[in-house]
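Asks:
Protein chains in written order, with the UniProt record's numbering: chain Z, 1 to 205; chain W, 1 to 205.
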């Protein structure tokens, strides 16, 4: 049997692009992925559940975790912290399970530094117009926040070059199918598995 | 619209591993891939059709094509030539279609030299024992040819390091699904598409 360490997949992209929707659809399908739930200090939106959408923390609690170096990445975005608990990711990968992160671009860049062997997927808006519509229609943001987010989005798109894959979110089903393909094909990458396959055959000779 | 050149996919692996079976199943499914039919001087096996399985050529015809540099790769294997017509591949890629080659390892190494931007997939036997059974059960080879092929197979497996992906052929359906994933995910590779996506957004600004 081939013993493989898990792969860390990071889905990111500009705010409003639909990362959460794509992630939810991905996890509604058959998958062996383990989802790493982020921590945040932002307020719970209607319908969100603590421990499912996020772990909701106070500013004080979050800053204690930062000081104790217990986060794989964290970012402050529109005055709220978002972060990824380190221990869960490392333990799950060691057990051979893939881990899936859905995070903001700032956080993804930190993971890239701390964990360059991760597979970085950039979710791309079908158009800037569409991105604006999505942010506006979410209905939870003030006019100023919307403008801020659009400006951020443009900057974040410039950071696409640090990613391994770009998936356009013109259709959730299509985007999910592409992400599934990326996950499956990454497990077929020669540099991940060739050494173990060769060993298998040598044992037979 | 994103205008993309086609991608050249090369499926290879030791003789007897089941390249032909996997390729046929892949093309029985919905696919936009164009299959590049190889040329060979080997004798037609029962059930094979000229222009579908191979283009069957005489030694004289084949050597003329070599001299005229009309082959992307060719190899002599068990006293027979196998080769890939160059023009068809280049024209099809330029039109934006993916091209799929199923070739022997010797030939794949030549394509790697002439066309390093191709995506190289190594089909891997579930075990050496199984590989031997498959060669024997094919029933078209003498004992000497079988031993030759097994020795070749071991050498060919050492060449795995030149490939991008390794797919184990323990089950045809699974192998085909992995190849489909590789094809889809390669089209999401950031270095192929990022520049064009950025341009799309700049046109909107």
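C-beta atoms are modelled at their ideal positions from N, C-alpha and C, and glycine is treated no differently.
If you measure from the beta carbon of residue 102 of chain W to each beta carbon in chain Z, is any gap under 9 angstroms?
Replies: no
Asks: Relative to the C-alpha of residue 6 of chain W, which residue among W/157, W/172 and W/117 is closest?
Replies: W/117
Asks: Buried or exposed for residue 123 of chain Z, going by 16 or more other Cβ atoms inside 10 Å?
Replies: The residue in question, residue 123 of chain Z, is buried, as its Cβ has 16 or more Cβ neighbours within 10 Å.
Asks: Three or more C-beta pairs under 8 angstroms: does that hold for the stretch 165–180 of chain Z against the stretch 181–190 of chain W?
Replies: yes
Asks: Can the beta-carbon of residue 16 of chain W be found less than 9 angstroms from the beta-carbon of residue 149 of chain W?
Replies: Yes, Cβ-Cβ distance for residue 16 of chain W and residue 149 of chain W is below 9 angstroms.
Asks: Hey, does residue 134 of chain W have any beta-carbon neighbour from chain Z nearer than 9 angstroms?
Replies: no
Asks: Name the chain W residues whose beta carbon is nearer than 9 angstroms to that of residue 160 of chain Z?
Replies: 190, 194, 197 and 198
Asks: For residue 163 of chain Z, return the contacting residues in chain W, with the cut-off set at a CB-CB distance below 7 angstroms.
Replies: 190
Asks: Of all Cβ atoms in chain Z, is any one closer than 9 angstroms to the Cβ of residue 9 of chain W?
Replies: no
Asks: Less than 9 angstroms separating the beta-carbons of residue 90 of chain W and residue 83 of chain W?
Replies: No, these two residues do not count as a Cβ contact at 9 angstroms.
Asks: With DSSP run on the structure shown, which of helix, strand or coil describes residue 84 of chain W?
Replies: strand
Asks: What does the alpha-carbon distance come out to for the pair residue 135 of chain W and residue 125 of chain W?
Replies: Taking the straight line joining both Cα atoms gives about 12 angstroms.
Asks: Compare the C-beta of residue 181 of chain Z against all C-beta atoms of chain W and say whether one is closer than 9 angstroms.
Replies: yes
Asks: Excluding the 5 residues preceding and the 5 following residue 98 of chain W in the sequence, name in chain order all residues of the same chain whose CB lies nearer than 6 angstroms to its CB.
Replies: 6, 7 and 33
Asks: Compare the Cα-Cα distances from residue 180 of chain Z to each of Z/113, Z/18 and Z/25 and report the closest residue.
Replies: Z/25
Asks: Just the C-alpha distance for residue 184 of chain W and residue 31 of chain W, rounded to the nearest angstrom, thanks.
Replies: 11 angstroms
Asks: So, helix, strand or coil for residue 73 of chain W, using DSSP?
Replies: Looking at residue 73 of chain W - three-state DSSP - the assignment turns out to be strand.
Asks: Let me confirm a value: residue 138 of chain Z is counted as buried when at least 16 other C-beta atoms fall within 10 Å, else exposed. Which label applies?
Replies: Taking all protein chains in view, the Cβ of residue 138 of chain Z is surrounded by fewer than 16 other Cβ atoms within 10 Å, so the residue is classified as exposed.
Asks: Who are the near neighbours of residue 41 of chain W in its chain, counting only those whose CB is closer than 6 angstroms to its CB and skipping five residues on each side?
Replies: These residues qualify, in order along the chain: 57, 59, 62, 80 and 81.
Asks: Report yes if the C-beta distance between residue 44 of chain W and residue 53 of chain W is below 9 angstroms; otherwise report no.
Replies: With contacts defined by Cβ atoms closer than 9 angstroms, residue 44 of chain W and residue 53 of chain W form a contacting pair.
Asks: Using a Cβ-Cβ cutoff of less than 8 angstroms, which residues in the same chain neighbour residue 114 of chain Z once the five nearest sequence positions on both sides are dropped?
Replies: 72 and 73
Asks: Mapping DSSP to helix, strand and coil, what is residue 66 of chain W?
Replies: helix
Asks: Which residue comes first and which comes last in the alpha helix (DSSP H) that contains residue 102 of chain W?
Replies: From DSSP, residue 102 of chain W is part of no alpha helix (DSSP H) but of the beta strand (DSSP E) over 99–102.
Asks: Could you tell me if residue 66 of chain Z is buried or exposed, where buried requires 16 or more neighbouring beta carbons within 10 angstroms of its beta carbon?
Replies: Residue 66 of chain Z counts as exposed, since fewer than 16 other beta carbons sit within 10 angstroms of its beta carbon.
Asks: Indicate whether residue 198 of chain Z and residue 158 of chain W have their beta-carbon atoms separated by less than 9 angstroms.
Replies: yes
Asks: Per the DSSP calculation, residue 166 of chain W is bridged to which residue(s)?
Replies: W/122
Asks: Please state whether DSSP places residue 213 of chain Z in a helix, a strand or coil.
Replies: Absent from the structure is residue 213 of chain Z, since the part of chain Z shown begins at 1 and ends at 205.
Asks: Taking C-beta pairs closer than 9 angstroms, name the residues in chain Z that residue 146 of chain W reaches, listed in chain order.
Replies: The premise fails here: residue 146 of chain W is roughly 17 angstroms from chain Z at the closest Cβ pair, so nothing lies under 9 angstroms.
Asks: Roughly how many angstroms lie between the CA atoms of residue 13 of chain W and residue 103 of chain W, to the nearest whole one?
Replies: So the two alpha carbons sit approximately 8 angstroms from each other.
Asks: Round the Cβ separation of residue 101 of chain W and residue 36 of chain W to the nearest angstrom and send it over; I've been treating them as touching at under 8 angstroms.
Replies: 5 angstroms
Asks: Contact check, residue 172 of chain W vs residue 10 of chain W under 8 angstroms by CB: the rounded distance?
Replies: Actually they are not in contact, since the Cβ atoms of residue 172 of chain W and residue 10 of chain W sit about 19 angstroms apart, beyond 8 angstroms.
Asks: Residue 70 of chain Z and residue 85 of chain Z: beta carbons closer than 9 angstroms?
Replies: Residue 70 of chain Z is a Cβ neighbour of residue 85 of chain Z, given a cutoff of 9 angstroms.
Asks: Please say whether residue 106 of chain Z and residue 75 of chain Z have beta carbons closer to each other than 9 angstroms?
Replies: yes
Asks: In this structure, how does DSSP classify residue 161 of chain W when only helix, strand and coil are distinguished?
Replies: helix
Asks: In or out: residue 78 of chain W buried (at least 16 other Cβ within 10 Å) or exposed?
Replies: exposed
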